[in-house]
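Once you know that position 100 of the sequence shown is 156 in my numbering, the rest is easy, because the numbers rise by one and skip nothing. Idealized CB from N, CA, C, for every residue including glycine. These numbers were taken from a predicted model, which means no experiment stands behind them. A short write-up of the structure that comes next.
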Amino acid sequence: MPTTSFEHKVPSARRRVLAPPIPPEGEGGFTQTWYPICLSADVPEGKIVGRDFLDGRVIVFRGPDGAARVLSAYCPHLGADLSVGDLDDGTVRCAFHHWRFDVAGTCVGTGCGDTPPPRAKLFTFPVQERYGIVWAFNGEAPIFELPDFPFPDDGLAIRTLELDEIFPVDPWTFCANTPDVQHIKALHGISFENGDPDPDEFTWTDHSFRYALEGRLPSGDPIAYDLGITGTNIFYQSGSVNGRWFGFIMPFGIPYPGAMTSFMILAARGGDGDDTEAFLDSVQALEEAIVADDRPVLHTIHFRPGTTTASDKALNRFLQYVRDFPRAHPSAEFIN
Ligand code: FES
Ligand SMILES: [Fe+2]
């Protein structure tokens, strides 16, 4: 029986140098963060929407108070997908045998008249609706809030859209772009005015980081951004291009491990002239151009930290933040 593996015979100079890997999402649970589930506009009153989430399935609908809810999708009776059911007097009614569930996920009636089994429950996620998106937190209770723009939401013109594209990576992979200084310069052609950002000067919390970027786009237009990541899946940017403020949040959802849905939230302040929509168009084009730069890499990368250099200091700090970020999967037994 061979006792020496092939690897032992490879000279060390010919081995790939690797840092500790980052466990893929789904290993040890999923990152505990707010995930975008769908656009608010996708869930008018009276409609049930089904979405893949965390390697399982959820339903989204509005309760009698109009508030959006996110519950596990598979009926505890025999597993029918409740997204093909309907809303009946404020309850979700399963299409298969007409069992009904209230917004707390409790079975309140069976179609046949049998007593609802007390253990026939759906999982209810913590939910909020903000920036035109229905968000669900992966956990029993949220451990942090969504990022705020520096102005009240109701004073902003906000445009939200969902990209019609699934990237074959976990969200943290794309979010690792934000502290990846080498790629900002090489791939996006952005120059830094004051040298490379130093992660020791970033603002780090246990669920976010932010840093200031002053520089120029490839077009020469000056930019000044406060940017960073919240959770491991929410890109945040607030700043100016050519001196005019805009806000941008790009959150990523996880339908299943190694896959990512993407949303864009664009914010502007109304001006005297009625050019806000045109300005949002230009910001959207700017951000879509950045994603277009990243697209071929994201569709093909086998991301894992390898041989890094001094310029990767911020990136390496972020990768450790991802390794340390809490993961859980409390809905696992319900959504599958
Ligand atoms: S599977 Fe839903 S009521 Fe039977
Ligand atoms: Fe990028």
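query                                                                                                                         : result
Any non-hydrogen atom of ligand 1 closer than 8 angstroms to F152 Cβ                                                          : yes
Status (buried if at least 16 other CB within 10 Å, exposed otherwise) for P76                                                : exposed
Distance CB(P307)-CB(I290) smaller than 9 angstroms                                                                           : yes
Pairwise C-alpha distance: I285 and C231                                                                                      : 7 angstroms
Opening and closing residue of the beta strand (DSSP E) in which D282 lies                                                    : P278 to T286
Cβ-based neighbour list, P382, same chain, cut-off 8 angstroms, excluding 5 preceding and 5 following                         : T87, Q88 and I199
Boundaries of the beta strand (DSSP E) in which C163 is found, first to last residue                                          : C163 to G165
Three-state secondary structure (DSSP) of P79                                                                                 : coil
Where E221 sits in the DSSP three-state scheme                                                                                : coil
Buried versus exposed, by CB contacts within 10 Å (16 or more), F207                                                          : exposed
Rounded distance between the beta-carbons of A129 and V114, thought under 8 angstroms                                         : 5 angstroms
Where F248 sits in the DSSP three-state scheme                                                                                : strand
Per-residue burial, V140 [other beta carbons within 10 Å of its own, 16 or more giving buried]                                : exposed
Inter-stretch contact at 8 angstroms, needing at least 3 Cβ pairs: the region 335 to 343 / the region 242 to 254              : no
Same chain, Cβ closer than 8 angstroms to P80, neighbours up to 5 away in sequence not counted                                : D226, P313 and G314
Proximity test, C94 beta-carbon vs ligand 1 heavy atom, cut-off 8 angstroms                                                   : no
Reduced DSSP category for W155 - H, G, I as helix; E, B as strand; rest coil                                                  : coil
Residue span of the beta strand (DSSP E) that contains V297, given as start and end                                           : I290 to V297
Contact check, S296 vs F304, beta carbons under 9 angstroms                                                                   : no
Buried versus exposed call for D256 [16 or more other C-beta atoms within 10 Å across all chains shown]                       : exposed
Those residues which DSSP pairs with P307 across a bridge                                                                     : I290
Cβ pair L273, P253 closer than 9 angstroms                                                                                    : no
Neighbourhood of A384 by C-beta distance below 8 angstroms, restricted to the same chain and skipping five residues each side : G85, F86, Q88, N194 and G195
Exposed unless 16 or more other CB atoms sit within 10 angstroms - verdict on D368                                            : buried
Short Cβ contact (9 angstroms threshold) for L217 with T180                                                                   : no
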